[in-house]
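See structure below.
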Amino acid sequence: MLNSVDNRLTAEERKKQLVKIGLMMLRDQPIHELSIDAIAGQAGISRSLLFHYFPSKRDYYVAVISAAGRRLLRVTKPDDELAPDAALREMLVQFVAFISRRRTAYISFVRGAAGGDDYAVEVYDDTRIGLCRRILGFLGTPEVADNRGSAEYLRIHAWLGYTEDLAIEWSGLAEDARPMTADELIDHAIDALHTLRKL
Numbered sequence: 001m002l003n004s005v006d007n008r009l010t011a012e013e014r015k016k017q018l019v020k021i022g023l024m025m026l027r028d029q030p031i032h033e034l035s036i037d038a039i040a041g042q043a044g045i046s047r048s049l050l051f052h053y054f055p056s057k058r059d060y061y062v063a064v065i066s067a068a069g070r071r072l073l074r075v076t077k078p079d080d081e082l083a084p085d086a087a088l089r090e091m092l093v094q095f096v097a098f099i100s101r102r103r104t105a106y107i108s109f110v111r112g113a114a115g116g117d118d119y120a121v122e123v124y125d126d127t128r129i130g131l132c133r134r135i136l137g138f139l140g141t142p143e144v145a146d147n148r149g150s151a152e153y154l155r156i157h158a159w160l161g162y163t164e165d166l167a168i169e170w171s172g173l174a175e176d177a178r179p180m181t182a183d184e185l186i187d188h189a190i191d192a193l194h195t196l197r198k199l
């Protein structure tokens, strides 16, 4: 239990604590299955007090899934000093690792959006736009990110979806059943990107 007897947290600190607990629980279960009672219990507060900080279960879920999207963008951000090709590769290394470590939570993130949950769709789309913008910067065409109806943007967006699905399916296999290593998967994804851009 986190801070079970600590009533000195500010409102902002308590909200961050509750979101952090939600993120930890999200590793093992989909967002819509998170138990408000269990989360409140972990924080050492009552269910009603949780709803003092988040007016509804939906508001809490939005806060948690938004934090998950920000975390993905943060952990996949490569060193600013890297050359563009190296930066792209480093981003993909971290992207694949993130999906592998948090596969259940990531699938929940993707499927929540695919299922039409409006809050999940918005967060997922914003996260995908952030990743596409970053990739286009590595490719030397950052201005394309401002024209999401362009053929180039659509290709990058589609490629990211392909790479994401490949990483999800690959990470779900037993290690000795995977047809490629993580490095080979990343090499394949980069080759696919450059091939797609030539079509």
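At position 152 of the sequence shown (counting the first as 1) the number is 152 in my numbering, and the numbers step up by one without a gap.
Quick reminder that beta carbons are idealized off the backbone N, C-alpha and C, glycines included.
Tell me whether the beta-carbon of Val123 lies closer than 8 Å to the beta-carbon of Ile65. yes
Closer than 8 Å to chain B by CB, Arg111: Looking at the structure shown, chain B is missing, and only one protein chain is on hand.
Measuring only the C-alpha atoms, how far is Ala159 from Arg197? Before going further, note that residue 159 is Trp rather than Ala in the sequence given. Distance between the alpha carbons of Trp159 and Arg197: 10 Å.
Taking C-alpha atoms, which residue in Pro142, Leu18, Pro179 and Pro84 lies nearest to Ala38? Leu18
Where Asp117 falls, given that 16 or more other Cβ within 10 Å makes a residue buried: buried
Contacting residues, own chain, Cβ-Cβ under 7 Å from Leu215 (five flanking each side not counted): Outside the displayed range of the chain (1 to 199) lies residue 215, so it cannot be described from this structure.
Measure the CB-CB distance between Tyr61 and Ile31 and report whether it falls below 8 Å. yes
Using the three-state DSSP reduction, which class does Glu81 fall into: helix, strand or coil? coil
Of the residues Asp191, Ala63 and Glu33, the one placed nearest Arg89, counting alpha carbons only: Asp191
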